[in-house]
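Residue numbers in the sequence shown follow the working numbering, run continuously in steps of one, and reach 367 at the last position. Everything on this sheet refers to the single structure shown next.
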Amino acid sequence: MELGIIGLPQSGKTTVFNALTKGHAETGAHASGTLVPNIGVVKVPDPRLEALTDILKPKRTTPAEVRYVDVAGAAKGLSKGKGLEGELLAFMSKVDTLILVVRAFPDEMVPHIEGSVDPERDIDNMNLELAFSDLALIEKRLERLDTSLKGAKPQEREIALREKTLLARISANLEKDIPLREQALTEEEAKTIANYQFLTAKPLLVLLNLGEGQLGEMASREAKFKAHYERPHLRIAALCGKLEMELGQLDDADAQEFRSAMNIVESSLDRVIRLSYELLGFISFFTIASNEVRAWTISQGTTALKAAGKVHTDMEKGFIRAEAVGYDDLARCGSLAEARKRGLLRLEGKSYVVKDGDVITFLFNV
2 MELGIIGLPQ SGKTTVFNAL TKGHAETGAH ASGTLVPNIG VVKVPDPRLE ALTDILKPKR
62 TTPAEVRYVD VAGAAKGLSK GKGLEGELLA FMSKVDTLIL VVRAFPDEMV PHIEGSVDPE
122 RDIDNMNLEL AFSDLALIEK RLERLDTSLK GAKPQEREIA LREKTLLARI SANLEKDIPL
182 REQALTEEEA KTIANYQFLT AKPLLVLLNL GEGQLGEMAS REAKFKAHYE RPHLRIAALC
242 GKLEMELGQL DDADAQEFRS AMNIVESSLD RVIRLSYELL GFISFFTIAS NEVRAWTISQ
302 GTTALKAAGK VHTDMEKGFI RAEAVGYDDL ARCGSLAEAR KRGLLRLEGK SYVVKDGDVI
362 TFLFNV
């Protein structure tokens, strides 16, 4: 899973990146003009994996991973089709989810690029800029389709006309401020546009970046923005990036003690990953093989056959069956042997839909 961190310069993007990755990337570097992204890989925290390690005593435990990409800040000119261009656009098109860091903290020493701190304006302008990017892509594609229609064979013509109709409908909705993530598409239509990497089709997580003096307002500010902006594929969360970056440099026990003292229930890392999983419809399953317990990330609705392929292509090609037990059942039993004794280990076929928390052993023949 790859998450792209975007936002205006001086919004605290890189500070949030450091908070999420426990990194030390230079804050303000992107404001100086560099386009080189900061990249960090984070282990997905999952208490179930820790519990399985205690139960099964493997030699190795391997968590799932999340990759964060902190790209350069969008240029001045948002909402006018000038803020997202070139390399910045290329980086954004490759990620699974966009994380928009929006400045809500006051700081006279760090001037806002637009002259004032206004989170609502910045969210609205970024949404417009994402739409402008998609509209420009659609315009170019329509021009190519018009060219391809000249002398096209009947079947090719029919396919091209269907795509033109679809893109025209998407374009009209974008101009009505309806992002692609909120537009109803059939499965066939979704496949047609899948390779275009439209930015408004990507799930969006908006992080309100507050100052340390605003911690008491965090819940109320978050609730206000949720009421106005949240949709099925758009989530809002408030955090203090600077504080979380500082806590990220402490060991886990000390960081948790500080959070408890400040009534911060969940770390920014845990929360962002949890919300990202929700937005993308991701779940986790676990495998036990070669003395390793490992967590894997898949989409909801993934079959046992495709989950096997996630582990290794040979497992998918030679799939025989899957032996599965739910995490809760295994935790109650305390061992695989006891789960088997109680009849809780299930034999599942190719079409079995993997559930969140399933512990699976794949049987296959190469």
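Glycine included, each C-beta is placed from N, C-alpha and C at the ideal position. The structure presented is a predicted model; accordingly, all values stated were derived computationally and were not measured.
Whole-angstrom C-beta distance between residue j and residue i, which should lie under 8 Å
| i | j | result |
| --- | --- | --- |
| Gly302 | Tyr328 | So it is not a contact: roughly 19 Å between Cβ atoms. |
| Asp123 | Leu200 | Contact doesn't hold; Cβ gap of about 16 Å is too wide. |
| Val360 | Ile284 | The pair is not a contact, with the Cβ atoms about 13 Å apart (cut-off 8 Å). |
| Arg158 | Leu150 | 6 Å |
| Asn174 | Gln184 | 5 Å |
| Val67 | Phe92 | Their Cβ separation, rounded to whole angstroms, is 16 Å, which puts Val67 and Phe92 out of contact at 8 Å. |
| Leu146 | Ala161 | 5 Å |
| Phe259 | Val355 | 38 Å between Cβ atoms; not a contact. |
| Val266 | Ile100 | Val266 to Ile100, Cβ: 20 Å. No contact. |
| His234 | Leu205 | 7 Å |
Cα-Cα separation between residue i and residue j, rounded to whole angstroms
| i | j | result |
| --- | --- | --- |
| Asp271 | Lys44 | 10 Å |
| Asn126 | Asp47 | 36 Å |
| Leu280 | Glu223 | 17 Å |
| Met110 | Ala238 | 25 Å |
| Pro180 | Asn366 | 45 Å |
| Val102 | Ala65 | 24 Å |
| Arg275 | Lys225 | 21 Å |
| Asp119 | Glu190 | 37 Å |
| Arg182 | Lys154 | 33 Å |
| Thr314 | Ile299 | 15 Å |
| Ala308 | Leu129 | 37 Å |
| Ser291 | Leu53 | 15 Å |
| His113 | Ser12 | 8 Å |
| Leu348 | Gly282 | 25 Å |
| Leu331 | Ala305 | 19 Å |
| Gly249 | Leu21 | 8 Å |
| Asp252 | Arg232 | 35 Å |
| Gln455 | Lys203 | Given a span of 2 to 367 for the chain in the structure shown, any question on residue 455 remains unanswerable. |
| Glu213 | Ser261 | 15 Å |
| Arg236 | Tyr278 | 11 Å |
| Arg343 | Gly350 | 21 Å |
| Gly319 | Glu144 | 45 Å |
| Leu9 | Tyr353 | 45 Å |
| Ala26 | Arg104 | 19 Å |
| Thr1 | Gln156 | The chain is shown from 2 up to 367; residue 1 falls before or after that span and cannot be answered. |
| Asn39 | Ala338 | 46 Å |
| Gly152 | Leu186 | 29 Å |
| Tyr69 | Val37 | 13 Å |
| Glu88 | Arg333 | 51 Å |
| Glu51 | Asp178 | 44 Å |
Neighbourhood of residue i by C-beta, 7 Å cutoff - its chain only, sequence neighbours within 5 removed
| i | result |
| --- | --- |
| Gly335 | Ile56 |
| Thr16 | Thr28, Gly242, Lys243 and Met246 |
| Val312 | Thr288, Trp297 and Phe363 |
| Leu90 | Ser134 |
| Ser172 | Leu136 and Ile139 |
| Met219 | Leu211 and Ala239 |
| Pro107 | Val118 and Gly212 |
| Glu188 | none |
| Phe18 | Ile6, Gly24, Ala26, Asn39, Gly41, Tyr69 and Asp71 |
Sequence-distant residues of its chain with Cβ nearer than 6 Å to residue i (five each side left out)
| i | result |
| --- | --- |
| Gly24 | Gly41 |
| Leu364 | Ile321 and Arg322 |
| Leu346 | Glu324, Val326 and Ala340 |
| Arg61 | Glu293 |
Per-residue DSSP class, three states only, for residue i
| i | result |
| --- | --- |
| Ile289 | strand |
| Gly327 | strand |
| Arg341 | helix |
| Glu349 | strand |
| Thr63 | strand |
| Asn264 | coil |
| Val360 | strand |
| Lys355 | Rather than Lys, the amino acid found at residue 355 in this sequence is Val. Reduced to three states, the DSSP call for Val355 is coil. |
| Val17 | helix |
| Val70 | strand |
| Gly214 | helix |
| Val37 | coil |
| Phe368 | Residue coverage of the chain in this structure runs from 2 to 367, which leaves residue 368 outside it and unanswerable. |
| Gly282 | coil |
| Leu186 | coil |
| Ser375 | As displayed, the chain neither begins before 2 nor continues past 367, which places residue 375 out of reach and without an answer. |
| Phe226 | helix |
| Thr148 | helix |
| Ser269 | helix |
| Ile7 | strand |
| Leu101 | strand |
Contacts around residue i, its chain only, beta-carbon distance under 8 Å, and the 5 residues preceding and following it disregarded
| i | result |
| --- | --- |
| Thr63 | Glu293, Val294, Arg295 and Ala296 |
| Ala256 | Leu248, Gly249 and Ser268 |
Cβ contact (3+ pairs, closer than 8 Å) linking the region 132-141 and the region 159-177: yes
Contact between the region 96-111 and the region 5-19 (3+ Cβ pairs under 8 Å): yes
Given 8 Å, three or more beta-carbon pairs between the region 227-246 and the region 203-210: Contact between the region 227-246 and the region 203-210 is present, because at least three Cβ pairs lie under 8 Å.
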